[in-house]
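Asks:
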Amino acid sequence: MIATTPFLIVVVPFALLFGVMSQEAGMDLAQTMGFSILVFAGASQFTAVQLISDQAPALLVILSGLAVNLRMAMYSASLVPWLRGASAGKKVLIAYLLIDQSFALSLQHYERHPRLTLPQRLAYFFGSATLLCLPWSLATWAGATLGRAIPDDIALDFAMPITFLAMIAPMLRTPAHLAACGVAIVLALVFAGLPSGLGLMIAALAGMATGALVETVMERGKATQG
Amino acid sequence: MSPVTSDLSIWIVILALGIGTFLIRWSFLATLGDRDLPPIVIRMLRYTAVAVLPALVAPLVMWPAATGGQPEPARLSAAAVTIAVGVLTKNVILSIVAGATVLFAMLYVLG
Chain A
1 MIATTPFLIV VVPFALLFGV MSQEAGMDLA QTMGFSILVF AGASQFTAVQ
51 LISDQAPALL VILSGLAVNL RMAMYSASLV PWLRGASAGK KVLIAYLLID
101 QSFALSLQHY ERHPRLTLPQ RLAYFFGSAT LLCLPWSLAT WAGATLGRAI
151 PDDIALDFAM PITFLAMIAP MLRTPAHLAA CGVAIVLALV FAGLPSGLGL
201 MIAALAGMAT GALVETVMER GKATQG
Chain B
227 MSPVTSDLSI WIVILALGIG TFLIRWSFLA TLGDRDLPPI VIRMLRYTAV
277 AVLPALVAPL VMWPAATGGQ PEPARLSAAA VTIAVGVLTK NVILSIVAGA
327 TVLFAMLYVL G
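Protein sequence lines correspond, in order, to chains A and B. The numbers in my numbering rise by one with no breaks, and the one at position 57 of the first sequence is 57. With positions in the second sequence counted from 1, the corresponding number in my numbering is that position plus 226.
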């Protein structure tokens with residue numbers, strides 16, 4: 001439970017902000033909640049609402065939102081070695097609850113405690129995901145209904161960047177992690193002008209490949225030394 | 227193609243995004259079964275978080291929508307402090323607090 005605390009610090013303001021923004025973009029309460037409950041993926045919800053208020057055509061809104069979420073295919077693949085024995089029904093539920101924060105928390109936990117049984121792993125995933133999912137819906141609702149009372153100038157927009165950066169920094173523990181992160185940042189900035197989500201995919205894949213490459217090279221170096 | 231204005235078209239966007247996002251999340255969990263991924267893929271997946279999250283955040287730090295896409299000292303400093311405290315202390319909450327403090331202090335000072 002305690003482990004979800006830093007994530008709640010971002011989930012709650014992020015969802016509040018989404019509630020406020022989608023009201024300003026002209027959604028009604030049901031549509032706002034529809035986004036948070038049916039899509040349940042913050043970055044793509046913001047992308048979609050932003051594009052809708054920019055008068056973008058529906059197809060582009062959908063494709064951009066999905067592109068932002070393509071990273072979750074990588075999350076899905078990363079969890080397979082840990083959760084492969086789960087029933088089909090549980091996998092559906094896992095898929096629905098698979099967000100940045102529940103993925104990051106669970107993977108960290110599994111790597112730290114590799115001897116957990118499958119039921120223990122599932123309990124950890126569902127426990128942390130539920131603790132993140134309920135506040136997400138509640139805070140969206142609060143933002144949509146109380147939104148006008150929240151002042152515009154408290155820089156809520158920066159809640160997500162700060163929390164993500166705080167999550168990433170402690171992970172930069174090897175040269176390979178640093179290289180992956182550096183390449184991803186540079187390419188994300190270089191390709192920022194590409195249609196929404198595309199630059200992110202290119203930068204992320206290149207960063208991941210860089211990390212894997214550096215790891216391989218360093219392992220070879222060690223092997224020849226020893 | 228016309229912009230998304232009617233209630234119906236907004237609901238179509240919500241449903242399409244919801245179903246599509248679910249399928250993305252479900253993809254490998256559902257299909258991989260007992261097979262293992264190739265070692266090179268597993269090796270790449272180790273770097274998912276440190277590649278995707280910074281790539282998602284970097285443009286938001288450099289060109290925040292709140293300032294109309296102009297680089298802005300308060301947000302840049304807050305990001306730098308968050309990373310520095312995170313790398314030095316490995317403490318997620320402490321670095322969020324440090325970053326938020328710098329952000330609000332700078333926004334207040336810069337008016």
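Glycine included, each C-beta is placed from N, C-alpha and C at the ideal position. Note that the coordinates shown come from a computational prediction; the quantities given were computed from them, not determined experimentally.
Please classify A30(A) as buried or exposed, where buried requires at least 16 neighbouring CB atoms within 10 angstroms.
Replies: Numbered from 1 along the first sequence, position 30 holds the residue referred to as residue 30(A). Exposed.
Asks: Under three-state DSSP, which class holds P229(B)?
Replies: Counted from its first residue, the second sequence places residue 229(B) at position 3. If DSSP states are grouped into helix, strand and coil, P229(B) belongs with the strands.
Asks: Using the beta-carbon count (16 or more within 10 Å), is A123(A) buried or exposed?
Replies: The residue given as residue 123(A) occupies position 123 in the first sequence. Exposed is the call here.
Asks: When you compare each of A291(B), I319(B), L249(B) and Y273(B) to V39(A) by their alpha carbons, which one comes out closest?
Replies: For this step, residue 39(A) is matched to residue 39 along the first sequence. Cα-wise, what sits closest to V39(A) is L249(B).
Asks: Compare the beta carbon distance of I94(A) and L105(A) with 9 Å and say whether it is the shorter of the two.
Replies: Position 94 of the first sequence, counted from the first residue, corresponds to residue 94(A). Position 105 of the first sequence, counted from the first residue, corresponds to residue 105(A). No, Cβ-Cβ distance for I94(A) and L105(A) is not below 9 Å.
Asks: In chain order, which continuous runs of the alpha helix (DSSP H) of length 4 or greater are located wholly inside the segment 148-215 of chain A?
Replies: If we require 4 residues or more, the alpha helix (DSSP H) runs fully inside the segment 148-215 of chain A come out as 159-168 and 175-190.
Asks: The alpha helix (DSSP H) that contains R121(A), what's its start and end?
Replies: Numbered from 1 along the first sequence, position 121 holds the residue referred to as residue 121(A). Taken as a continuous stretch (DSSP letters only), the alpha helix (DSSP H) holding R121(A) covers L118 to L146.
Asks: Answer with yes or no whether the minimum CB distance from V335(B) to chain A is below 9 Å.
Replies: Taking the first residue of the second sequence as 1, we reach residue 335(B) at position 109. It does not: the Cβ of V335(B) has no partner Cβ on chain A nearer than 9 Å.
Asks: With a cut-off of 8 Å, do at least 3 Cβ pairs link the segment 35-53 of chain A to the segment 136-150 of chain A?
Replies: Contact between the segment 35-53 of chain A and the segment 136-150 of chain A is present, because at least three Cβ pairs lie under 8 Å.
Asks: Is P290(B) helix, strand or coil by DSSP?
Replies: Here the question's residue 290(B) lines up with position 64 in the second sequence. Three-state DSSP puts P290(B) in coil, outside helix and strand.
Asks: DSSP beta-bridge partners for P57(A)?
Replies: In the first sequence, counting from the first residue as 1, residue 57(A) sits at position 57. Beta-bridge pairing links P57(A) to P229(B).
Asks: Of all Cβ atoms in chain A, is any one closer than 9 Å to the Cβ of A331(B)?
Replies: Within the second sequence, numbered from 1, the residue matching residue 331(B) stands at position 105. A331(B) does not count as touching chain A.
Asks: For the alpha helix (DSSP H) holding Q250(A), just list the boundary residues, first then last.
Replies: What the structure shows of chain A is the stretch from 1 to 226, and residue 250(A) is not part of that stretch, so it cannot be assessed.
Asks: Per DSSP, what kind of secondary structure is R261(B) in: helix, strand or coil?
Replies: Position 35 of the second sequence holds residue 261(B). R261(B) falls in the coil class under three-state DSSP.
Asks: So, are the CB atoms of L336(B) and F158(A) less than 9 Å apart?
Replies: The residue given as residue 336(B) occupies position 110 in the second sequence. The residue given as residue 158(A) occupies position 158 in the first sequence. Not in contact: L336(B) and F158(A) (Cβ atoms no closer than 9 Å).
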